[in-house]
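One structure is given below, encoded as structure tokens.
Protein chains: 2
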Amino acid sequence: MTAPNNHLTLGPGAEFDAVRATIARWGAIARGTGDDGAVLDVPAGLKIVVSTDTSVENVHFRRAWLTPEEIAYRAGAAAISDLAAMGATPLAMTVALTLPDNWREQSMALADGIAIIARDTSTPIVGGDLTTGSELSIGVTVLGTVLHPLVRSGAKTGDTLWVTGRLGGPLLALKSFERGQDPTPIHRQRFARPVPRLREAQWLAGRGATAAIDISDGVVSDAGHLAAASHTQISIDLDRLPLIDGASPEVAARSGEEYELLVTGPSTIDALEFEREFGIPLTVIGTVGKVGASGPGVVTRVAGASVPAPKGHDHFSVP
Amino acid sequence: MTAPNNHLTLGPGAEFDAVRATIARWGAIARGTGDDGAVLDVPAGLKIVVSTDTSVENVHFRRAWLTPEEIAYRAGAAAISDLAAMGATPLAMTVALTLPDNWREQSMALADGIAIIARDTSTPIVGGDLTTGSELSIGVTVLGTVLHPLVRSGAKTGDTLWVTGRLGGPLLALKSFERGQDPTPIHRQRFARPVPRLREAQWLAGRGATAAIDISDGVVSDAGHLAAASHTQISIDLDRLPLIDGASPEVAARSGEEYELLVTGPSTIDALEFEREFGIPLTVIGTVGKVGASGPGVVTRVAGASVPAPKGHDHFSVP
Numbered sequence: 112m113t114a115p116n117n118h119l120t121l122g123p124g125a126e127f128d129a130v131r132a133t134i135a136r137w138g139a140i141a142r143g144t145g146d147d148g149a150v151l152d153v154p155a156g157l158k159i160v161v162s163t164d165t166s167v168e169n170v171h172f173r174r175a176w177l178t179p180e181e182i183a184y185r186a187g188a189a190a191i192s193d194l195a196a197m198g199a200t201p202l203a204m205t206v207a208l209t210l211p212d213n214w215r216e217q218s219m220a221l222a223d224g225i226a227i228i229a230r231d232t233s234t235p236i237v238g239g240d241l242t243t244g245s246e247l248s249i250g251v252t253v254l255g256t257v258l259h260p261l262v263r264s265g266a267k268t269g270d271t272l273w274v275t276g277r278l279g280g281p282l283l284a285l286k287s288f289e290r291g292q293d294p295t296p297i298h299r300q301r302f303a304r305p306v307p308r309l310r311e312a313q314w315l316a317g318r319g320a321t322a323a324i325d326i327s328d329g330v331v332s333d334a335g336h337l338a339a340a341s342h343t344q345i346s347i348d349l350d351r352l353p354l355i356d357g358a359s360p361e362v363a364a365r366s367g368e369e370y371e372l373l374v375t376g377p378s379t380i381d382a383l384e385f386e387r388e389f390g391i392p393l394t395v396i397g398t399v400g401k402v403g404a405s406g407p408g409v410v411t412r413v414a415g416a417s418v419p420a421p422k423g424h425d426h427f428s429v430p
Numbered sequence: 112m113t114a115p116n117n118h119l120t121l122g123p124g125a126e127f128d129a130v131r132a133t134i135a136r137w138g139a140i141a142r143g144t145g146d147d148g149a150v151l152d153v154p155a156g157l158k159i160v161v162s163t164d165t166s167v168e169n170v171h172f173r174r175a176w177l178t179p180e181e182i183a184y185r186a187g188a189a190a191i192s193d194l195a196a197m198g199a200t201p202l203a204m205t206v207a208l209t210l211p212d213n214w215r216e217q218s219m220a221l222a223d224g225i226a227i228i229a230r231d232t233s234t235p236i237v238g239g240d241l242t243t244g245s246e247l248s249i250g251v252t253v254l255g256t257v258l259h260p261l262v263r264s265g266a267k268t269g270d271t272l273w274v275t276g277r278l279g280g281p282l283l284a285l286k287s288f289e290r291g292q293d294p295t296p297i298h299r300q301r302f303a304r305p306v307p308r309l310r311e312a313q314w315l316a317g318r319g320a321t322a323a324i325d326i327s328d329g330v331v332s333d334a335g336h337l338a339a340a341s342h343t344q345i346s347i348d349l350d351r352l353p354l355i356d357g358a359s360p361e362v363a364a365r366s367g368e369e370y371e372l373l374v375t376g377p378s379t380i381d382a383l384e385f386e387r388e389f390g391i392p393l394t395v396i397g398t399v400g401k402v403g404a405s406g407p408g409v410v411t412r413v414a415g416a417s418v419p420a421p422k423g424h425d426h427f428s429v430p
């Protein structure tokens, strides 16, 4: 089902009433015809990028930690961030919401969170699905357009490894939540309101970036994906990781759901110009080298000497 | 995350191992680059159609009723059917799977069910998301291409109302399951293995069909959506509904998740030619008329006289 743009396009029924209320709440950012599918024009010559992301209660978030708006915002931001990592421009999103009875009263707040990230990134909500269930789940699929996608396999021997922003906030927020404490406002903001780096990625792509990935599992884990896809060995200098206030290099290395960009490209990219343009740092944290005898992978270093890699983030390994 | 096409493109981790195993199982129908998003080419001049559908355990199905393959097949078929209703050709699908621990052993069977509907409809699986959770949920987003979409709002006064196939099977299967009995093979097949009417919709669009919707809520409810979108009054002759063996007109009127097509168009469409081409009937079941004083809606008739509408299917109203 898609998001209709007025109240007449669906027949009667409680489910449709809930859909109508959500769409009314979304206002102009919800676009659709009330048809079985939404119809989108694609400018000639551009490719479509598609990605899907699901946020499940007690797996990706706990209810006590965030407001409903923040929970929904994060779910949308995680998906949009995949478009950023590809250097794509958002075209549309669909939202599949599984809403348990004990979340019904928060349905408008959840809708608001989706609307905030949709508006912040100019991404029309063109469709969705609303169902009951025993746990809150927010599935977001995003479509973008791109001329030349930034792909993980593009990293080349000799490239410099860059990262946007400052790392560690989400993990420090998580640790505070798990101790039953309030995170600092900065850590909380980094966890609750991550910002997809859409314009940053396009800026970097325009300056010769060869590959990019968004940091969802932790910078070391995600560098592993880049290394695997590009068949390279990536070296990360842990002592060069840009740190959020209060973070150690080890925390910065492991912190997931950052949605900052890990980018490979020429050493000539102007980090000061980047910082002036976007108000966040762009930092050299390592290099891309030839694949070693043990195959593609990541080497972590401190003061130039190899150290064991801090363990990353893996939903299936976490109880 | 997207479905990579080999084992090298993701780094280590239990979640990625599970993703890799699924993708290996899918074989050639899974296509992707291992990037944050899948990149798709769109033929110039065509529009994109997108739709999303979620199937949740104990809301859309019960585990005891169907095999894991069938459960996953149905989830995919429901989404693909939305493309059929738009007259679109499948381009790609993404699969968001929430897999509780007590379903882990069935993960390959679930993957197989997705692969069957993907292969049956030539829909590459280009991305997905795998997460834990407390209940099985299968979210499928489909993308299609179309030159002239069939939209719900296209129904016009004077149009004939057509339906494909024979109705009632899914509801009769459901009733048997709920009584703890085995449905007849025909009813079970209609419930467990619905067939998206992709080629049928394109055939009908080519012969002047003005609007279409797939029957997911029940023919009367879905006719209500057509009437609302096209601002018309749709009359359905319940005694003309094409019945599956064992179904009454009332059952056929209420049966949801049929994924047959409800189509408006000229009376001149050749139903015999349709049946020869596709092996299922195409039946006139009513007409499209001017909207009445009470607004757009559906009138149900028996022997030409108005009768109360049989109640449809609404997940939010069903306990």
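Chains A and B are the protein sequences, given in the same order.
Reading the first sequence from the start, the letters are residues 112 to 430 in the working numbering.
Reading the second sequence from the start, the letters are residues 112 to 430 in the working numbering.
Every residue, glycine too, gets a C-beta built ideally from N, C-alpha and C.
Can you tell me whether residue i is helix, strand or coil according to DSSP?
i: S359/A; result: coil
i: A286/B; result: The sequence given here has Lys at residue 286/B, not Ala. Note: K286/B maps to helix in three-state DSSP.
i: L151/B; result: strand
i: L247/A; result: coil
i: S343/B; result: It is Thr, not Ser, that sits at residue 343/B in the sequence shown. T343/B falls in the coil class under three-state DSSP.
i: I236/A; result: strand
i: L315/B; result: helix
i: L337/A; result: helix
i: V274/B; result: strand
i: L261/B; result: coil
i: N117/B; result: Residue placement at N117/B is flagged as unreliable, the pLDDT there being 30, under the threshold of 50; a coordinate-derived value is accordingly withheld.
i: L157/B; result: coil
i: V429/B; result: Low per-residue confidence applies at V429/B: pLDDT is 34, beneath 50, and the placement is therefore not dependable, though the value from the model is reported in the following sentence. In the structure shown, V429/B sits in coil (DSSP, three-state: anything other than H, G, I, E or B).
i: F127/B; result: helix
i: A229/B; result: helix
i: P296/B; result: helix
i: A266/A; result: coil
i: G291/B; result: coil
i: R308/B; result: coil
i: G279/A; result: coil
Among the options, which has the Cα closest to the Cα of residue i?
i: G148/B; options: S192/A, S366/A, A338/A; result: S192/A
i: L309/B; options: A266/B, T178/B, A363/B, T275/B; result: T275/B
i: A339/B; options: S378/B, L210/B, G265/B, Q292/B; result: G265/B
i: L157/A; options: D356/A, P201/A, V330/A, G269/A; result: P201/A
i: M197/B; options: L177/B, R263/B, R304/B; result: R263/B
i: E371/A; options: A404/A, P305/A, S332/A; result: P305/A
i: R230/A; options: I396/A, Y184/A, P377/A, A129/A; result: Y184/A
i: E368/B; options: I159/B, F302/B, T375/B; result: F302/B
i: T232/B; options: V253/B, V413/B, A316/B; result: V253/B
i: L352/B; options: T209/B, K401/B, G280/B; result: G280/B
i: T209/A; options: S245/B, A222/B, P235/B; result: S245/B
i: A416/B; options: L349/B, D356/B, G329/B; result: L349/B
i: K286/A; options: G145/A, R365/A, L373/A, G406/A; result: R365/A
i: M204/B; options: G406/B, L221/B, R142/B; result: R142/B
With which residues is residue i paired in a DSSP beta bridge?
i: D164/A; result: V251/A
i: T133/A; result: The partner list for T133/A (beta bridge, DSSP) is empty, contrary to what the question assumes.
i: I324/A; result: L373/A
i: V330/B; result: The partner list for V330/B (beta bridge, DSSP) is empty, contrary to what the question assumes.
i: T242/A; result: T209/A
i: T256/A; result: I159/A, T200/A
i: A141/A; result: I236/A
Is residue i near the ligand GDP, going by C-beta to nearest heavy atom under 6 Å?
i: Q313/A; result: In the structure on display, the ligand GDP does not appear, and there are no ligands present to speak of.
Taking 7 Å as the threshold (beta carbon to beta carbon), is residue i in contact with chain D?
i: S162/B; result: Absence of chain D from the displayed structure is noted, the protein chains being A and B.
- Pick out the complete alpha helix (DSSP H) segments inside the stretch 166-224 of chain A, 4 residues or longer, and give them in chain order. 179-196
- Item | Whole runs of the alpha helix (DSSP H) within the stretch 347-419 of chain A, excluding any shorter than 4 residues | 360-365, 382-389
- What residues in the stretch 139-160 of chain B bring their beta carbon closer than 9 Å to a beta carbon of chain A? T144, G145, D146, D147, G148, A149, V150, L151, D152, V153, A155, G156, L157, K158, I159, V160
- Listed in chain order, which residues of the stretch 193-211 of chain A have Cβ atoms closer than 9 Å to some Cβ of chain B? D193, L194, A195, A196, M197, A199, L202, A203, T205, V206, A207, L208, T209
- Message: Against chain B, which members of the stretch 340-351 of chain A pass a CB distance test of less than 8 Å?
- Response: A340, H342
- Contact list for the stretch 218-251 of chain A against chain B, Cβ threshold 7 Å: V237, G238, G239, D240, T242, T243, G244, S245, E246, S248, G250
- Members of the stretch 252-285 of chain B near chain A, C-beta cut-off 8 Å: T252, V253, L254, G255, V257, P260, V262, R263, S264
- Which of the residues in the stretch 300-334 of chain A, read from start to end, lie with their CB under 7 Å from any CB of chain B? I324, D325, S332
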